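Numbering (numbering that gives the first Met the number 0), first residue to last: 0 to 211. Note sheet for the following structure.
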Amino acid sequence: MSDEQYFTNQPRTGSTAGTSKQKTAKLQVDSETLHVVLDSGVFARKGIDAGTMVLIDAAARPPAKGNFLDLGCGSGAIALTLATRAPKATVYAVDVNERAIALTAANAKLNKLRNITTILPTSIPQDLRFDLIWSNPPIRIGKSELHALLQMWLSKLTPSGEAWLVVNRNLGSDSLAVWLTSIGYQVDRLVSKQGYRVLRVRPTRGADQSAS
Ligand SMILES: C[S@@+](CC[C@H](N)C(=O)[O-])C[C@H]1O[C@@H](n2cnc3c(N)ncnc32)[C@H](O)[C@@H]1O
């Protein structure tokens, strides 16, 4: 598979002198074996991230249908998992990295998953609400930027919606849980595995769900 096949707009970005850095990882989702193309310029180019795998293994089964969000989709492992487990749902995969968006779209096609919409955050319809958010969020963007990012997307949860986040314990999963609680979410610290914590986040009446 060449870069050109997946990135017609940026065929050489992230490659050295045209040498492809692509690699294909297998992702087992229940009885389905998915193939995830990874590439330079997109998070976790050498293999599916350990934290992402902890989330995929730990999160509850998604509802059968609804609007779901993979916040910060990278190469798309989370979106592909949601789309496989809930074929009647619409899974929005967003990322600021256009290369990640293109790679997730290519991976959806590769795995014949038609219920994934890849989209830049700025293009999401303002009135769209999510029944489910799964994310391995970009912790390294900095605390205040991460808080602003999560506050904005969590405010787009439906009243009965929930978010599942995986965060490295050394990078502040527990303080993030405390902060989310302080802004009105019910946070359950669920699995702790391989240095990662999985948080389930649900709106309470005190949470700002105005998605402003
Ligand atoms: C920890 S990585 C997870 C990637 C992918 N979900 C996975 O599990 O491999 C976080 C992702 O968030 C993206 N990101 C960073 N800032 C963002 C923002 N403001 N909005 C949306 N995505 C963002 C990064 O480009 C990166 O792909």
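Beta carbons: idealized from backbone N, C-alpha and C, even for Gly. Computed from a predicted model, the values in this text were never measured in an experiment.
- Message: As a quick exercise: from ALA57, GLN208, LEU33 and LEU175, pick the residue whose alpha carbon is nearest that of TRP133.
- Response: Locating residue 133 in the sequence shown gives position 134, where the first residue counts as 1. Of the candidates ALA57, GLN208, LEU33 and LEU175, the one whose C-alpha sits nearest the C-alpha of TRP133 is ALA57.
- Which residues DSSP lists as bridging TRP178, in chain order: On the sequence shown, residue 178 is found 179 positions in, with the first residue counted as 1. Answer is none; TRP178 lacks a bridge partner.
- Query: Taking the alpha helix (DSSP H) that ASP143 falls in, what are its first and last residues?
  - Reply: On the sequence shown, residue 143 is found 144 positions in, with the first residue counted as 1. For clarity, residue 143 is Ser in the given sequence; the question names Asp instead. Unbroken alpha helix (DSSP H) run through SER143: 142-153.
- Query: Between which two residues does the beta strand (DSSP E) harbouring VAL28 extend?
  - Reply: Stepping through the sequence shown from its first residue, residue 28 is reached at position 29. Residue range 22-28 is occupied by the beta strand (DSSP E) that includes VAL28.
- Message: For LYS87, which residues in the same chain have their Cβ closer than 7 Å to its Cβ, ignoring the five residues on either side in sequence?
- Response: The sequence position of residue 87 within the sequence shown is 88, counting from 1. For LYS87, where only same-chain residues beyond five positions count, the Cβ hits under 7 Å are ALA63 and LYS64.
- Message: Please tell me whether, using a cut-off of 8 Å, the distance from the CB of ILE132 to the nearest non-hydrogen atom of ligand 1 is below it.
- Response: Here residue 132 refers to the residue found at position 133 when the sequence shown is read from its first residue. False, no ligand heavy atom lies under 8 Å from that Cβ.
- Return yes when the C-beta of PHE129 is under 8 Å from any heavy atom of ligand 1, and no when it is not. Here residue 129 refers to the residue found at position 130 of the sequence shown. Not one heavy atom of ligand 1 is found less than 8 Å from the C-beta of PHE129.
- Task: Grab me the residues of THR116's own chain with a C-beta within less than 8 Å of its C-beta, minus the 5 sequence neighbours each way, in chain order.
- Result: Position 117 of the sequence shown holds residue 116. Counting only Cβ-Cβ distances below 8 Å, and skipping sequence neighbours, we find THR89, VAL90, TYR91 and ALA92.
- Task: Alpha carbon to alpha carbon, how far is GLY160 from MET151? Give it in angstroms, no decimals.
- Result: Counting from one through the sequence shown, the residue named residue 151 turns up at place 152. Counting from one through the sequence shown, the residue named residue 160 turns up at place 161. When only Cα atoms are considered, MET151 and GLY160 end up about 15 Å apart.
- Tell me, to the nearest whole angstrom, how far the beta carbon of ASP207 is from that of ARG199; I am working on the premise that it is less than 8 Å. As a position in the sequence shown, residue 207 is number 208, starting the count at 1. As a position in the sequence shown, residue 199 is number 200, starting the count at 1. The Cβ separation is near 19 Å, so there is no contact.
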